[in-house]
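Numbering (our numbering), first residue to last: 0 to 88. For reference, the structure discussed in these notes is given below.
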């Protein structure tokens, strides 16, 4: 989850930096560097997203499986007969 948030933050920061560089008269020598950084950084971070998304999907699948198992255990518990406490409590 943190990697996905990090990727979104990087994209927003790069978009803001690129916008600021274009709106405010930036030095002409800095524009190619800013363009390169603002394009390459999000692409590099985006390369990390598929493994992060795979982990999130796997965690969701495990969570769903645990929920089904818990539901099954609760159904089995409902089938058991009620008994009184051995000490009468």
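Ideal Cβ positions, reconstructed from N, Cα and C, are used throughout, including at glycine.
Where residue i falls: helix, strand or coil (DSSP)
{"i": "residue 81", "result": "coil"}
{"i": "residue 26", "result": "coil"}
{"i": "residue 15", "result": "helix"}
{"i": "residue 53", "result": "helix"}
{"i": "residue 68", "result": "helix"}
{"i": "residue 20", "result": "helix"}
{"i": "residue 60", "result": "helix"}
{"i": "residue 47", "result": "coil"}
Option in the options with minimal Cα separation from residue i
{"i": "residue 41", "options": "7, 59, 24", "result": "7"}
Sequence-distant residues of its chain with Cβ nearer than 7 Å to residue i (five each side left out)
{"i": "residue 1", "result": "none"}
{"i": "residue 15", "result": "none"}
{"i": "residue 51", "result": "2, 3"}
CB contact flag (residue i, residue j, <8 Å)
{"i": "residue 3", "j": "residue 48", "result": "yes"}
{"i": "residue 33", "j": "residue 17", "result": "yes"}
{"i": "residue 5", "j": "residue 44", "result": "yes"}
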